[in-house]
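Here's the structure we're looking at; comments come further down.
Number of protein chains: 2
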Amino acid sequence: MMSALALDLYELTMAQAYLDEGMEEVATFSLFVRRLAAGRGYLVCAGLEAVLDFLANFHFTSSELAYLESTRLFTPRLLERLERMRFSGSVRAMPEGTPCFANEPILEVTAPITEAQLVETAVINLIQLPTMIATKAARCVTAAGGHRLVDFALRRTQGLETGLAVARASYLAGFDATSNVEAGMRYGIPIAGTMAHSFVQAFASEIEAFRAYARAYPDAAILLIDTYDTIEGARRAAIVGRELAAGGHRLQGVRLDSGDLAVLSREVRSILDEAGLQRTTIFASGGLDEHAVARLVEGGAPIDGFGVGTMMGVSVDAPYLDIAYKLVDYAGRPVLKLSPEKATLPGAKQVWRVREPDGLARDWIALVDEGKPEVGAEALLADVMVEGRRIGVSPTLQELRAQCAAAVGEVPEQSRRLTASVAFPVRPTARLEALQREVELAAPMDHR
Amino acid sequence: MMSALALDLYELTMAQAYLDEGMEEVATFSLFVRRLAAGRGYLVCAGLEAVLDFLANFHFTSSELAYLESTRLFTPRLLERLERMRFSGSVRAMPEGTPCFANEPILEVTAPITEAQLVETAVINLIQLPTMIATKAARCVTAAGGHRLVDFALRRTQGLETGLAVARASYLAGFDATSNVEAGMRYGIPIAGTMAHSFVQAFASEIEAFRAYARAYPDAAILLIDTYDTIEGARRAAIVGRELAAGGHRLQGVRLDSGDLAVLSREVRSILDEAGLQRTTIFASGGLDEHAVARLVEGGAPIDGFGVGTMMGVSVDAPYLDIAYKLVDYAGRPVLKLSPEKATLPGAKQVWRVREPDGLARDWIALVDEGKPEVGAEALLADVMVEGRRIGVSPTLQELRAQCAAAVGEVPEQSRRLTASVAFPVRPTARLEALQREVELAAPMDHR
Numbered sequence: 000m001m002s003a004l005a006l007d008l009y010e011l012t013m014a015q016a017y018l019d020e021g022m023e024e025v026a027t028f029s030l031f032v033r034r035l036a037a038g039r040g041y042l043v044c045a046g047l048e049a050v051l052d053f054l055a056n057f058h059f060t061s062s063e064l065a066y067l068e069s070t071r072l073f074t075p076r077l078l079e080r081l082e083r084m085r086f087s088g089s090v091r092a093m094p095e096g097t098p099c100f101a102n103e104p105i106l107e108v109t110a111p112i113t114e115a116q117l118v119e120t121a122v123i124n125l126i127q128l129p130t131m132i133a134t135k136a137a138r139c140v141t142a143a144g145g146h147r148l149v150d151f152a153l154r155r156t157q158g159l160e161t162g163l164a165v166a167r168a169s170y171l172a173g174f175d176a177t178s179n180v181e182a183g184m185r186y187g188i189p190i191a192g193t194m195a196h197s198f199v200q201a202f203a204s205e206i207e208a209f210r211a212y213a214r215a216y217p218d219a220a221i222l223l224i225d226t227y228d229t230i231e232g233a234r235r236a237a238i239v240g241r242e243l244a245a246g247g248h249r250l251q252g253v254r255l256d257s258g259d260l261a262v263l264s265r266e267v268r269s270i271l272d273e274a275g276l277q278r279t280t281i282f283a284s285g286g287l288d289e290h291a292v293a294r295l296v297e298g299g300a301p302i303d304g305f306g307v308g309t310m311m312g313v314s315v316d317a318p319y320l321d322i323a324y325k326l327v328d329y330a331g332r333p334v335l336k337l338s339p340e341k342a343t344l345p346g347a348k349q350v351w352r353v354r355e356p357d358g359l360a361r362d363w364i365a366l367v368d369e370g371k372p373e374v375g376a377e378a379l380l381a382d383v384m385v386e387g388r389r390i391g392v393s394p395t396l397q398e399l400r401a402q403c404a405a406a407v408g409e410v411p412e413q414s415r416r417l418t419a420s421v422a423f424p425v426r427p428t429a430r431l432e433a434l435q436r437e438v439e440l441a442a443p444m445d446h447r
Numbered sequence: 000m001m002s003a004l005a006l007d008l009y010e011l012t013m014a015q016a017y018l019d020e021g022m023e024e025v026a027t028f029s030l031f032v033r034r035l036a037a038g039r040g041y042l043v044c045a046g047l048e049a050v051l052d053f054l055a056n057f058h059f060t061s062s063e064l065a066y067l068e069s070t071r072l073f074t075p076r077l078l079e080r081l082e083r084m085r086f087s088g089s090v091r092a093m094p095e096g097t098p099c100f101a102n103e104p105i106l107e108v109t110a111p112i113t114e115a116q117l118v119e120t121a122v123i124n125l126i127q128l129p130t131m132i133a134t135k136a137a138r139c140v141t142a143a144g145g146h147r148l149v150d151f152a153l154r155r156t157q158g159l160e161t162g163l164a165v166a167r168a169s170y171l172a173g174f175d176a177t178s179n180v181e182a183g184m185r186y187g188i189p190i191a192g193t194m195a196h197s198f199v200q201a202f203a204s205e206i207e208a209f210r211a212y213a214r215a216y217p218d219a220a221i222l223l224i225d226t227y228d229t230i231e232g233a234r235r236a237a238i239v240g241r242e243l244a245a246g247g248h249r250l251q252g253v254r255l256d257s258g259d260l261a262v263l264s265r266e267v268r269s270i271l272d273e274a275g276l277q278r279t280t281i282f283a284s285g286g287l288d289e290h291a292v293a294r295l296v297e298g299g300a301p302i303d304g305f306g307v308g309t310m311m312g313v314s315v316d317a318p319y320l321d322i323a324y325k326l327v328d329y330a331g332r333p334v335l336k337l338s339p340e341k342a343t344l345p346g347a348k349q350v351w352r353v354r355e356p357d358g359l360a361r362d363w364i365a366l367v368d369e370g371k372p373e374v375g376a377e378a379l380l381a382d383v384m385v386e387g388r389r390i391g392v393s394p395t396l397q398e399l400r401a402q403c404a405a406a407v408g409e410v411p412e413q414s415r416r417l418t419a420s421v422a423f424p425v426r427p428t429a430r431l432e433a434l435q436r437e438v439e440l441a442a443p444m445d446h447r
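Line by line, the protein sequences give chains A and B.
With numbering that gives the first Met the number 0, the residue at position 237 of the first sequence is 236, and numbering never jumps.
With numbering that gives the first Met the number 0, the residue at position 156 of the second sequence is 155, and numbering never jumps.
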C-alpha cells in the first residue's frame, strides 16, 4: 500500500494556507511531458493503473497524522481535515499504452484544490517511471524486429519495487517475458531465464555444469557459454546438445553475454549447426540497448532473442522525463505560468487524434469543452475516475499490450525510428491559442 | 516487506539443479563495482541496512510457493526446501557511508550455495541504488561547500519507494533535509519545503498568494518568486517581508526556480537588502546537479541553499553502477571468471585501508585469512550477520551520517573533486595476486 505521505512538504503547507484562506474551490491539474529526450519521437504513456490505485486508497493513517502533528507545522483544524480526507475528485486520462507526444496532457485531475495538490508528487512519480520505461522498451521492440525480448533489468533497476514496474511497463510495450519472478506472479507476465556464471564456476568443469543443468531441464535449458571462452563453451554445449538429442530431448539454447556478439553468434551458430542442433537457439545479453539490438538485427546476426537489462531498466540515456503537473484552472478561471522555458497552456483539455489510412496524421490539443476539431478525430482522454471512484472496467495487461502494439504501429515511421528527427504534428486549437493569449495578456496586469 | 521472489528466474532453476546434483556446499559471493563512472573518484557505499532486513526476513510465502508450483518448473522436493528455507549464512560488509573504490568488495555473502544464489538479485539491487545515490549526493555536498542542501527528488525518482531510499542515502551523504514527508517520518530526516507555482496561480495575484502563505507561516515562509517574473516577484516578496517585519516576524526566504540563477540571485539579494531583509535567505532549485551548484558557489552567487532533485535522485549522468555479485569460492575452492573485461578476483576477501596524517593513503585488497598488509592498516569489512542473525548494534542514521562526513573528508582531494582524474591507489596483496595467477592457469585445464 502506498502511503499518502508520499508527498513533498509544500503540498501540506499549501494545504494549511488554503484552509486558512477558505480556498476550497475545484482545481484542474494537467500532467504532461514538456520535451522528449533527444532521439525520442514519441512516448508510450503508462502508470494509470497505479495512479488510480493510489487515489482510490488515498488516506492518512493515525501514525502518519501523529507524525504530522509532531512537526508543529499544522493546525489541529488541518489535521482533522486530513484525517477525514479521501480523494473525491475526477480523473481523465489516456489509456496505458497510448503513444503520445510533448505537451499533450496524459492525465488531468479535477478536485478540490487541496486534494488535487496533495497527490501531485505521487501522480507525477507513478506516471513518470512506467511511461519512461514503456517508451524505452517500445524502442527496443522496434529494434528487435520481431525477435524475442526478455526483461533482465531487476538487479539494476533503481529499487526492487521499481523492478516490478519495469517488468510490467516493458511487457506492456511488447517485451515477451521477464526474468523477474515476482512480476511473473503479480502481473501474469511469462517468466524466462538461463543460468549464471556462478553456476558454471561451482562445478569442477564447464561441461559438468552444462550436463547438470541439462539433466534438470532436458527440454528447456539455455546454457551460458562465455564463462571461460565462448567458442570452447559452444563446443561443450554442442556435445551436451547431442547427448540430449540422443535421449529424445532438445537443447533449447545457448546464451552469449560478452564479447563481439555479431562475430560470436555466427561462429556459435556454425558450431551448433554442424552438430545438427539447428533448432537450438542463440540468446544474447550483456549491456544491450535498442541501438545495439538494432545493429545486431540489421547486421543479420543469427541471434534469436535478446535479454535487455540495465539500459532499458533505468532508461539509461534519458533516466527521467521532463514531466509536469500544472494547475490549469482554479474555480473556473483558466491559469498559466510564464516562467522562462516552463510556460504552460491554460484550461482543462482534451487531445484529439486524427488517423489517415496510412497511420496517424496529427493531434490537436483542445479545451475540454470544445467539440471535435475535425471530422473523424478521436478523443484520447477518457473519464476513468469520477467522485473518487474508478469507472469502467480496467483492461487486462494483455489487452493493453495488444492495444499498445497496434497503436505504436500507427505512429509514422519518422517519429517511430530510433533517431527521430521530425516532430509529430501536435497543434493547439484556435480556441486554446486564443485563450492562451488572453490569459497571458491578463497575467501581468493581474499580478503586479 | 520485500518478497523473496524479488529474484531472477535462473536463481531458482539453478537451485533445482544444485539440489538434484546434491551440491549444498558453502559458497562465498563478493559484491563490488567494476568501474566508476567518468569523473567519479570514489563511491559512498550504502544499502547495508536494507540488505540485512531482507536477509533476516527471507522466506517464501504459501502463495509464492503456489505460484512457483504452477510454473511446473520445479520438483516437489525443491518446493519443500524453499518452504523451509531461511537465510542461514554470514555477511561481512563495509559500514554504510564508507568511501570505497572500484573492485573493492563492499559486501561478501557466505552461505550454502543455493541460499547465497537466491538472494543475488535483491542484494545487488539493494546496494546499487543507495550507493549510487549516496555517491552522487556526496558530490553535491562537496560542491555546496557548506551551503544547505535539500533533497527535492521524490516526484522524479524511479518509483515512490525509491524516493525513500534516495532521501535516506542523500541524508547519509550529507544533505541537510528532504521535501519527502514519508522519509521524514520513517527515517527522522528533517523535512523542508517552500511553495509551488500552482499556489501562486490559484490566487488572483502573486502578492495575495505571498500574503496568504506568510499568514500561515509568518516565520517560516519561503516564497517562490518566478511564476510570472522573478524580479517583480522579488519586489512583491520584499513588500510582504517588510509587512512581516512590522509585525515582529521574519520572511525566511525566497526561492528561484528558473532563469540565470547567478544573475537573478544577485538582483534579488539587492532587492531584499534594500528592503532591510538581510536575514531573508535565497534558496535556488531547478534542474541543479553538483556541477551547477559548484559553479554558483564558486562564482559567489548569494544563494544560501539549494534544492537538488532529479539530477541527484536518478544519478542522471550515471544512472546505474557497474556492480557485480560474483562467486569467488565454492566448497573451499577459490574460483574466478575469465569473460572479456569481466574477469574476477578469486577467494573471500578483506579490504585494508591505510591512513596517513593528511588522509587516506592506499587500500589493499587481500584474502580474508591474510593478516594486515602493513602496520596501521584498518580492516573495512566487518561481520554484520552470522548464521542468519544480525550481530552488533546498528548505528543510527545520524551516526552513519557523521561517520560518512568524516570518512569522505579523508579521501584525497584529487579523488574527491567533481572531475577526478587520478585513481585512488588500490592494490591486491601479493598472496591475492599469486592465487589469481594460480586459478587462472588452472582454469583452462579444468574446463576443457
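All residues carry an ideal CB built from backbone N, CA and C; glycine is no exception.
In this text, all values refer to a predicted model and were calculated from it rather than measured experimentally.
7 Å Cβ shell around residue i - same chain, five flanking residues per side excluded
| i | result |
| --- | --- |
| R436(B) | none |
| P261(B) | According to the sequence as given, residue 261(B) is Ala; it is not Pro. Once the five neighbours on either side are set aside, the close Cβ partners of A261(B) are L295, G298, A300. |
| A293(A) | A142, L417 |
Bridge-paired residues (DSSP) for residue i
| i | result |
| --- | --- |
| A236(B) | Beta-bridge pairing links A236(B) to no other residue. |
| K348(B) | L366(B) |
| I426(B) | Sequence inspection shows Arg at residue 426(B); the Ile mentioned does not correspond to that position. Bridge partners of R426(B): W363(B). |
| Y324(B) | L30(B) |
| Y329(A) | A26(A), R332(A) |
For residue j and residue i, the rounded distance between their alpha carbons
| i | j | result |
| --- | --- | --- |
| M444(B) | L417(A) | In this prediction, M444(B) has a pLDDT of 46, which is less than 50 and means its spatial position is unreliable; what the coordinates show is noted afterwards. So the two alpha carbons sit approximately 45 Å from each other. |
| L163(A) | A233(B) | 45 Å |
| A191(B) | A347(B) | 44 Å |
| L153(B) | G173(B) | 17 Å |
| A136(A) | Q413(A) | 18 Å |
| V149(A) | V315(B) | 25 Å |
| Q116(B) | A14(B) | 8 Å |
| L6(B) | S89(A) | 37 Å |
| F59(A) | T74(A) | 16 Å |
| A236(B) | I302(B) | 16 Å |
| K371(A) | E207(B) | 38 Å |
| A211(A) | V165(B) | 42 Å |
| E266(A) | D259(A) | 11 Å |
| F221(B) | A317(A) | The displayed chain sequence assigns Ile, not Phe, to residue 221(B). Rounded to whole angstroms, I221(B) to A317(A) spans 31 Å at the Cα level. |
Residues of its chain near residue i, where Cβ-Cβ distance is below 8 Å and the 5 sequence neighbours each way are ignored
| i | result |
| --- | --- |
| N102(A) | F31, V32, R33, L344, I364, V425 |
| S257(B) | D225, T229, G285 |
| V410(A) | G40, Y41, P98, G358, L359, F423 |
Interface partners of residue i on chain A, CB under 8 Å
| i | result |
| --- | --- |
| A26(B) | S197, A201 |
Any non-hydrogen atom of the ligand SAH closer than 6 Å to residue i Cβ
| i | result |
| --- | --- |
| R83(A) | With respect to small molecules bound, the structure shown includes none, and the ligand SAH cannot be examined in it. |
Interface partners of residue i on chain B, CB under 8 Å
| i | result |
| --- | --- |
| I123(A) | R154, R155 |
Chain-order list of residues whose beta-carbon lies under 6 Å from that of residue i (same chain, five-residue window excluded)
| i | result |
| --- | --- |
| V438(B) | P333, L335, P345 |
| R147(A) | D175, G304 |
Closer than 7 Å at the beta carbon, the chain A residues around residue i
| i | result |
| --- | --- |
| L6(B) | V180 |
| T279(B) | None at all; the shortest Cβ gap to chain A is about 17 Å. |
Listed by chain order, chain B residues near residue i by CB distance under 7 Å
| i | result |
| --- | --- |
| I112(A) | A201 |
| L326(A) | S197, Q200, A201 |
Proximal residues, the region 245-273 of chain B versus chain A, C-beta separation under 8 Å: D256, S257, G258
Against chain A: residues of the region 145-160 of chain B by CB proximity under 7 Å: L153, R154, R155, T156, Q157, G158, L159, E160
Positions along the region 8-32 of chain B whose CB lies within less than 8 Å of some CB in chain A: L8, Y9, E10, L11, T12, M13, Q15, A16, Y17, D19, E20, M22, A26, F28
Within 8 Å of chain B by C-beta, residues of the region 220-233 of chain A in sequence order: D225, T226, Y227, D228, E231
Near-chain A residues of the region 181-196 of chain B (beta-carbon distance less than 7 Å), N- to C-terminal order: E181, M184, I190, A191, G192, T193, M194, A195, H196
Interfacial residues, the region 50-64 of chain A to chain B, with Cβ spacing under 9 Å: F53, S62, E63
Interfacial residues, the region 370-401 of chain B to chain A, with Cβ spacing under 8 Å: none
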